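Quick mapping for you: the protein sequence lines, in order, are chains U and A. So the first sequence is numbered by this note's numbering: it starts at 1 and just counts up by one. So the second sequence is numbered by this note's numbering: it starts at 1001 and just counts up by one. Built from N, CA and C at the ideal position, the CB exists for glycine as well. Remember, it's a predicted structure, so these values are computed and weren't measured experimentally. As structure tokens, the structure follows; a few thoughts come after it.
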Amino acid sequence: MRAGWVALLALFMLGAAFAPWIATHDPYALDAAARLRPPSATHLLGTDLLGRDVFSRMVYGSRTSLTVAVVGVLASATLGVMLGAAAALGPRWVDPAALVLIDGARSLPVLLLAMAVVAAVGAGMVTLLCVVVFSSTPTFARFARTQVMVLRSADFVLAERLIGHGPVIVFLRHILPNIAGPILVLAAMEAPAIVGLEAGLSFLGLGVPVGSPSWGAIASEGFRFLERAPWLIWAGTVPVALITLAFTFSGEALGQRLDPRRKVLL
Amino acid sequence: MLRVVGLRLALSVGIVLLVVFVLFVLSRMLSGDPATMALGPRATQEMREAFAVEMGLDRSVPVQFVAYVRGLLSGDLGADFLSGRPVLVMIGETLPHTIILAVASISWAVALGVLVGVQAALHPGDWIDRVTALTSVALIALPPFVIGIYILILGAIVLDWFPASGLGEGPVDYLHHLVLPSITVGSAWVGYIARIVRAALVEELGSPYVRTATAFGLSRRRIAMRQCLRIAILPVITLIAGGIGFLLSSSVFAEVIFSRPGMGTMIYDAVLTRNYAVAQGGVLAATIMFVALTLAADLTISALDPRTRLQGFR
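In structure tokens, the structure reads:
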């Protein structure tokens, strides 16, 4: 069961990496003569309103989704860990300031703010990534802060400090390797949330730029032609559902591997 | 307690001010010159200048910000540039539908979640226990719009039991229209609540007073429902308090998918038509509501359980 989810996740990543070889058509190629065609031998999942091949767009959609997820997780984890470590190891005044910042950002309705931002500056990849990083960084920051706080009074850390190493060196050489595992598990748990946010915003037409292949955008068109072109809705929602579940259950498995005391969920 | 309330209140006011500031900055970043947008491209230079003076655009940005906040405090959220209606009136019309949706969703989710949680706690390892473990994780991982679409397809097309869109006329029809959206919003919570109730109950069922009550001949189910649930309900309130943002965002998707008038659809339509005043006013109103709800929930928990009271900002 668990191995299956991990394999599925690997499959999605391979699909994204080898998208040009898997796709049967150019995902941007328009064909006005073949609009909203049902699935056939030439178009495995039919065509959309502009006659583009849905299967190819779905395959390329994994690139959009995983790019946003990977870039979003890396950026938020880096920023969050830096902020959390600064709060735990920095001068005394940093901690309450960082906490106000973290809790403030966490207590905002992200989706609604994202809508206001898109209304003002328009949809696009940069806007999307900013929204993702803004929504995920506080989670990483709070988690990293707690983790570093546990370790900062450990004997080996105190010994390093006594030798005369500064907080930055001690953090990079001794604390970071120790918290990397739990951070990785958190990243696997945060990735599906980011995938869902991207797909959701694109479904509302507020995510990726118009025309880019995205699962959310395919689902959005499918929703408009629910009765006429049902293949669109499946091509847009099934991959999102599968990849979010695959990320979540793989993260759960990873967490159990790293910490056997963790409660078994499945 | 007073100190706790004070600190918490200060943080909430700070958050709202921050959002007001962000929205103000965003309104200055709108693409295009406001005078051209309002007066059209054929306006003369004098008309533009008169418009700028009228709207306060000739003053410095900090002065404009103060004027904007003044307007907000007197309830002036601007107007819809298409219909000319005040945003505050539009919020007054749509907000009740969103609140009804949120309350209905969370109510059925708590009711079912608690029942399932009690069942799972009384029979650990049972099929119901394992199914809730799986569905709680799965339904939270799935994005709300995917859940909404599948529920619409199942409930309104395949089974054709419930209407797919609108509000309905009259109370019975209104409830009939409420079913699918509230299933969409509530479904992610059921498993979560069940898991939390189960965890708290299992702990509670091992305590001495339960043993005593069992010795007096009360059934374990009765003890669980009558005595233990009072304690097990606390983490559920904490969970809901922490999830108000999630509740709000899944309501947006439910409203859009089921074409249900509400705050979510109002803001969404405004964003699509680039009706910035409506989007801005809606987001601000939603934020204030959200912050106030979180504050109320936090204070309720502090009042019910002194162990969770804030120490400073911790």
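TODO: Going by CA-CA distance only, name the one from 52(U), 106(U), 91(U) that's closest to residue 1242(A).
DONE: 106(U)
Open item on the list: Check this for me: beta carbons of residue 1283(A) and residue 1268(A), under 7 angstroms apart or not?
Closed with: no
Task: Proximity test, Cβ basis, 7 angstroms: residue 1171(A) and chain U - done: no
Open item on the list: According to DSSP, is residue 155(U) part of a helix, a strand, or is it coil?
Closed with: helix
Task: Local conformation of residue 1212(A) per DSSP, three classes - done: helix
TODO: Pick helix, strand or coil for residue 27(U), following the three-state DSSP scheme.
DONE: The three-state secondary structure of residue 27(U), taken from DSSP, is coil.
Open item on the list: Can you check whether the C-beta of residue 121(U) is within less than 7 angstroms of a C-beta belonging to chain A?
Closed with: yes
Open item on the list: If the cut-off is 8 angstroms on Cβ atoms, which residues from the stretch 242-254 of chain U count as contacting chain A, listed in chain order?
Closed with: 244, 245, 247, 248, 249, 252
TODO: Please list the residues of the stretch 185-197 of chain U that have a C-beta atom closer than 7 angstroms to any C-beta atom in chain A, keeping them in chain order.
DONE: 192, 196
Task: Contact set between residue 1270(A) and chain U, taken where Cβ atoms lie within less than 9 angstroms - done: 115, 119
Open item on the list: Need the endpoints of the alpha helix (DSSP H) that residue 96(U) sits in, please.
Closed with: 94-106
Task: Contiguous beta strand (DSSP E) assignments of at least 3 residues, all confined to the stretch 61-94 of chain U - done: none
- [ ] Over the uninterrupted alpha helix (DSSP H) stretch that includes residue 248(U), give me the two end residues.
- [x] 230-258
Task: Cβ neighbour criterion (16 or more within 10 Å) applied to residue 1296(A) - done: exposed
- [ ] Consider the Cβ of residue 1142(A): report whether some Cβ of chain U lies at a distance smaller than 7 angstroms.
- [x] yes
TODO: Using alpha carbons as the reference points, say which of 1279(A), 1139(A), 1205(A), 1086(A) lies closest to residue 1123(A).
DONE: When each option's Cα is compared against that of residue 1123(A), the closest is 1205(A).
TODO: Identify every run of the alpha helix (DSSP H) within the stretch 1146-1207 of chain A, keeping only runs that are complete inside it and at least 4 residues long; order them along the chain.
DONE: 1170-1205
- [ ] Could you tell me the distance, in whole angstroms, from the CA atom of residue 1071(A) to the CA atom of residue 1221(A)?
- [x] 57 angstroms
- [ ] Report the residues of the stretch 147-164 of chain U with a CB closer than 9 angstroms to any CB of chain A, ordered along the chain.
- [x] Among the residues of the stretch 147-164 of chain U, none has a Cβ less than 9 angstroms away from any Cβ of chain A.
Open item on the list: For residue 195(U), count the other beta carbons within 10 Å of its own beta carbon; 16 or more makes it buried, fewer makes it exposed. Which is it?
Closed with: buried
Task: Test: residue 1283(A) CB closer than 7 angstroms to a CB of chain U - done: yes
- [ ] With 7 angstroms as the threshold, decide whether the Cβ of residue 133(U) is near any Cβ in chain A.
- [x] no
TODO: Measure from the alpha carbon of residue 11(U) to the alpha carbon of each residue in 228(U), 54(U), 78(U), 66(U), then state which is nearest.
DONE: 66(U)
Task: Cross-strand partners of residue 1086(A) (DSSP beta bridge) - done: 1079(A)
- [ ] May I ask you to report which of helix, strand or coil DSSP gives residue 1265(A)?
- [x] helix
TODO: Please report the residue range of the alpha helix (DSSP H) in which residue 41(U) lies.
DONE: Premise fails: residue 41(U) is in no alpha helix (DSSP H) and is neither H nor E.
- [ ] Please determine, among 1050(A), 1291(A), 1258(A), the residue with the shortest C-alpha to C-alpha distance to residue 1166(A).
- [x] By alpha-carbon distance to residue 1166(A), the top candidate from 1050(A), 1291(A), 1258(A) is 1258(A).
- [ ] Check the Cβ-Cβ distances between residue 1145(A) and every residue of chain U, and say whether any is below 7 angstroms.
- [x] yes
Task: Cα-Cα separation between residue 34(U) and residue 50(U), rounded to whole angstroms - done: If I take the Cα positions, the gap works out to 8 angstroms.
TODO: Measure the C-alpha to C-alpha separation of residue 1068(A) and residue 1277(A) and round it to an integer number of angstroms.
DONE: 12 angstroms
Open item on the list: If the criterion is Cβ atoms closer than 7 angstroms, does the pair residue 1299(A) and residue 1102(A) meet it?
Closed with: no
Open item on the list: According to DSSP, simplified to helix, strand and coil, what is residue 53(U)?
Closed with: strand
Open item on the list: With a threshold of 6 angstroms on Cβ separation, who are the neighbours of residue 236(U) within its own chain once the five nearest residues in sequence on each side are excluded?
Closed with: Result list for residue 236(U): 215, 218, 219, 222, in chain order.
Open item on the list: Distance check for residue 137(U) and residue 1090(A), CA to CA, integer angstroms please.
Closed with: 34 angstroms
- [ ] Compare the C-beta of residue 55(U) against all C-beta atoms of chain A and say whether one is closer than 7 angstroms.
- [x] no
- [ ] Show which residues of chain U have a CB atom less than 8 angstroms away from the CB atom of residue 1215(A).
- [x] Those do not exist, as residue 1215(A) stays about 31 angstroms from chain U at its closest Cβ, beyond 8 angstroms.
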